[in-house]
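Let me begin by presenting the structure, written as structure tokens, before commenting on it.
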Amino acid sequence: MANIQIRIKDTESIIKDIFRLKEEKDAVILAHNYQTADVQDIADFTGDSLELSRIAAAQDASVIVFCGVDFMAETAAVLSPDKTVLLPAPDANCPMSDMITAGELCVLKERFPEAAVVCYVNTSAEVKAESDICCTSANAVRVVESLKEKQVLFVPDRNLGRYVARFTDKEILPWEGFCFVHDRITSDDVMHAREAHPGAELLVHPECRPEVIDLADHVFSTSGMIKHVCSSDSKEFIIGTEVGILHRMEKDCPDKSCYPLSSGAICATMKKTDLQKVHKSLETLTPRITVPEDVAERARMAIQRMLDIK
Numbered sequence: 119m120a121n122i123q124i125r126i127k128d129t130e131s132i133i134k135d136i137f138r139l140k141e142e143k144d145a146v147i148l149a150h151n152y153q154t155a156d157v158q159d160i161a162d163f164t165g166d167s168l169e170l171s172r173i174a175a176a177q178d179a180s181v182i183v184f185c186g187v188d189f190m191a192e193t194a195a196v197l198s199p200d201k202t203v204l205l206p207a208p209d210a211n212c213p214m215s216d217m218i219t220a221g222e223l224c225v226l227k228e229r230f231p232e233a234a235v236v237c238y239v240n241t242s243a244e245v246k247a248e249s250d251i252c253c254t255s256a257n258a259v260r261v262v263e264s265l266k267e268k269q270v271l272f273v274p275d276r277n278l279g280r281y282v283a284r285f286t287d288k289e290i291l292p293w294e295g296f297c298f299v300h301d302r303i304t305s306d307d308v309m310h311a312r313e314a315h316p317g318a319e320l321l322v323h324p325e326c327r328p329e330v331i332d333l334a335d336h337v338f339s340t341s342g343m344i345k346h347v348c349s350s351d352s353k354e355f356i357i358g359t360e361v362g363i364l365h366r367m368e369k370d371c372p373d374k375s376c377y378p379l380s381s382g383a384i385c386a387t388m389k390k391t392d393l394q395k396v397h398k399s400l401e402t403l404t405p406r407i408t409v410p411e412d413v414a415e416r417a418r419m420a421i422q423r424m425l426d427i428k
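Under the working numbering, residues 119 to 428 are what the sequence shown spells out, in order.
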């Protein structure tokens, strides 16, 4: 019991000092929906990756502490070139983002010169710079439909690409990348969750496999899931995405019951950020994420083209 009390006291002390440093360094803390509960709780804003990057660009704060993974901090740096962007866990990479490089994309573009390139925001700045336009899981269909080209190279997520293909007559050529968290959710997981919670709505992320999407009641991005749960008349939901989002749902929609579709849907790299790393990052203003201006300029154009779509 004494050790537990000491840990609680230490945590309270760290949190207090984080808030002090935040004011001292003119910083704002952003946390992705998949972060641990204690990191979400000390954040000024929680949300999905692009939502947070747009929030970062709109803030007057001179320092952005991005509690997420590498491509998210890069996107924030691209959209806020005049701000200091920090990634508390510098080894927090996105495995799906790492599944395609700018060099590989250039080879693909040579093979399909007539195709437009749509890249998911879950990509490096270098890949964004080689793309025509970015998309999110929420607007991917609208982005693809906005293009004049009939053929679309869609990188890096094959599952999201195949989901988009359901809603367009364009030829979608998906790269064989995937989110390991969503890709390993199975139809058996759906069956077991339905048996355990027969009255619950099933919401899944479009990064899930096609056979899982076919069994869902609704398909939403993380932000879309939160909005739906909070506004729906239903009281119970099975949530088919990374389990970190359940903490956000408990806070935003306390009158609803949300269950994980798979308790194993955990992104280990998202969990690399902790309070100690946030504290150290604020204290030292490191590790700082920067993007070369020539790359940032082209990546910014791809992001802006997406933002211009109504």
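The C-beta atom is built at its ideal place from N, Cα and C for all residues, glycine as well.
The model shown is predicted, which means the values in this text are computed figures rather than measured ones.
Margin query: By alpha-carbon positions, which one of A314, I331, R327, C376 ends up nearest to I344?
Written below: Along the sequence shown, one-based indexing puts residue 344 at 226. Among A314, I331, R327, C376, the Cα nearest to that of I344 belongs to C376.
**Request:** Take the Cβ of V225 as the centre, count every other Cβ of all protein chains shown within 10 Å, and call the residue buried at 16 or more, exposed below.
**Result:** Taking the sequence shown and counting its residues from 1, the one referred to as residue 225 is at position 107. Exposed is the call here.
Checklist entry - If we call anything under 8 Å between Cβ atoms a contact, is A174 one with L205? => result Here residue 174 is taken as the residue at index 56 of the sequence shown, counted from 1. Here residue 205 is taken as the residue at index 87 of the sequence shown, counted from 1. Cβ atoms of A174 and L205: not closer than 8 Å.
Spatially closest choice to R159 from G362, V409, A195, L379, by CA coordinates
In the sequence shown, counting from the first residue as 1, residue 159 sits at position 41. In the sequence as displayed, the identity of residue 159 is Asp instead of Arg. Closest option to D159, Cα to Cα, is G362.
Using the Cα positions of S167 and G186, report the straight-line distance between them to the nearest angstrom. For this step, residue 167 is matched to residue 49 along the sequence shown. For this step, residue 186 is matched to residue 68 along the sequence shown. In a straight line, the C-alpha of S167 is about 8 Å away from that of G186.
Secondary structure at S350, three-state DSSP: helix, strand or coil?
Working through the sequence shown from its first residue, we reach residue 350 at position 232. Of the three classes helix, strand and coil, the one that applies to S350 here is coil, per DSSP.
Notebook entry, point to check: If you draw a straight line from the alpha carbon of R302 to that of T193, how long is it in whole angstroms?
Noted result: Walking along the sequence shown from the start, residue 302 turns up at place 184. Walking along the sequence shown from the start, residue 193 turns up at place 75. Cα to Cα, the separation comes out at about 27 Å.
### Task
Kindly list the residues whose CB is nearer than 7 Å to the CB of S59, restricted to its own chain and excluding five residues on each side of it in sequence; keep chain order.
The chain is shown from 119 up to 428; residue 59 falls before or after that span and cannot be answered.
Exercise for review: Measure the Cβ-Cβ separation of M348 and D370 and say whether it is below 8 Å.
Suggested key: Stepping through the sequence shown from its first residue, residue 348 is reached at position 230. Stepping through the sequence shown from its first residue, residue 370 is reached at position 252. Note that residue 348 corresponds to Cys in the displayed sequence, not to Met. The answer is yes: Cβ separation under 8 Å.
Quick one: what's got a C-beta closer than 8 Å to I122's C-beta in the same chain, skipping five residues either side?
The count along the sequence shown starts at 1 and reaches residue 122 at position 4. Because I122 carries a pLDDT of 48, less than 50, the predicted location of this residue cannot be relied on, and no value is offered for it.
- Message: Looking at A417: is its Cβ nearer than 8 Å to the Cβ of V196?
- Response: By one-based count along the sequence shown, residue 417 stands at place 299. By one-based count along the sequence shown, residue 196 stands at place 78. The answer is yes: Cβ separation under 8 Å.
Across which residues does DSSP place L204 in a beta bridge pair?
For the purposes of this step, residue 204 is taken as residue 86 along the sequence shown, with counting starting at 1. The partner list for L204 (beta bridge, DSSP) reads V183, R406.
Q. So which of R172, K398, A334 has the shortest CA-CA distance to L425?
A. Here residue 425 is taken as the residue at index 307 of the sequence shown, counted from 1. Among R172, K398, A334, the Cα nearest to that of L425 belongs to R172.
Using a 10 Å radius around the Cβ and a threshold of 16 neighbouring Cβ atoms, would you call T402 buried or exposed? The sequence position of residue 402 within the sequence shown is 284, counting from 1. Exposed is the call here.
From E329 to S249, what distance separates their C-alpha atoms?
Taking the sequence shown and counting its residues from 1, one reaches residue 329 at position 211. Taking the sequence shown and counting its residues from 1, one reaches residue 249 at position 131. If I take the Cα positions, the gap works out to 29 Å.
| task | Below 6 Å CB to CB, which residues in the same chain sit around A191 once its five sequence neighbours on both sides are set aside? | result | As a first step, residue 191 is located in the sequence shown; it is residue number 73 there, counting from the start. So the list reads F184, V203, L205, I407, once near-sequence residues are dropped.
Would you grab the beta carbon distance between V259 and F285 for me? Rounded to a whole angstrom, and I think it's under 8 Å. Walking along the sequence shown from the start, residue 259 turns up at place 141. Walking along the sequence shown from the start, residue 285 turns up at place 167. The Cβ separation is near 5 Å, so the contact holds.
The alpha helix (DSSP H) spanning P292 covers which residue range?
-> Here residue 292 corresponds to residue number 174 of the sequence shown, with the count starting at 1. Unbroken run through P292 is the beta strand (DSSP E), 289 to 292; no alpha helix (DSSP H).
ask   = What does G295 pair with, by DSSP beta-bridge criteria?
value = Position 177 of the sequence shown, counted from the first residue, corresponds to residue 295. Answer by DSSP bridge pairing, in chain order: D275.
Exercise. Out of L291, V261, T254, G382, point me to the one whose CA is closest to Q269's CA.
Key: For the purposes of this step, residue 269 is taken as the residue at position 151 of the sequence shown. Taking only the C-alpha atoms, the option nearest Q269 is L291.
- In this structure, does DSSP put S381 in helix, strand or coil? As a working note, residue 381 is residue 263 in the sequence shown. Three-state result, S381: coil.
What runs of the beta strand (DSSP E), each 3 residues or longer, lie entirely inside the stretch 222 to 257?
234 to 238, 251 to 253
Helix, strand or coil: how does DSSP classify I126 here? The residue labelled residue 126 in the question sits at position 8 within the sequence shown. With a pLDDT of 49 at I126, under the threshold of 50, the predicted position of this residue should be treated as unreliable, though the coordinate-derived value follows. Helix at I126.
Self-check item: For H315, the residue or residues it bridges with in DSSP
Solution: For the purposes of this step, residue 315 is taken as the residue at position 197 of the sequence shown. BP columns for H315 are empty, so no partner.
- [ ] Take the Cβ of S180 as the centre, count every other Cβ of all protein chains shown within 10 Å, and call the residue buried at 16 or more, exposed below.
- [x] As a first step, residue 180 is located in the sequence shown; it is residue number 62 there, counting from the start. Its Cβ having fewer than 16 others within 10 Å, S180 is exposed.
Would you kindly work out how many angstroms separate the C-alpha atoms of E130 and F163, rounded to a whole number?
On the sequence shown, residue 130 is found 12 positions in, with the first residue counted as 1. On the sequence shown, residue 163 is found 45 positions in, with the first residue counted as 1. One C-alpha to the other measures close to 20 Å.
> Which residues mark the beginning and the end of the beta strand (DSSP E) in which F163 is found?
Replying inline: The sequence position of residue 163 within the sequence shown is 45, counting from 1. Its beta strand (DSSP E) spans residues 163 to 165.
Let me make sure I understand the geometry here. Which of R138, H397, C237 has the alpha-carbon closest to that of W293?
Looking up residue 293 in the sequence shown gives position 175. The candidate whose alpha carbon is nearest that of W293 is C237.
Which residue marks the beginning of the alpha helix (DSSP H) containing L197, and which one marks its end? Working through the sequence shown from its first residue, we reach residue 197 at position 79. Residues 188 to 197.
Query - Under the three-state DSSP convention, the category L321 falls into - result: Taking the first residue of the sequence shown as 1, we reach residue 321 at position 203. Reduced to three states, the DSSP call for L321 is strand.
Query raised in the report: Count the other CB atoms within 10 Å of the CB of M388; is the residue buried (16 or more) or exposed (fewer)?
Result: Within the sequence shown, numbered from 1, the residue matching residue 388 stands at position 270. Buried, by the Cβ-count rule.
>> For L364, report the span of its alpha helix (DSSP H) as first-last.
In response: For this step, residue 364 is matched to residue 246 along the sequence shown. Run containing L364: 363 to 370, per the alpha helix (DSSP H) assignment.
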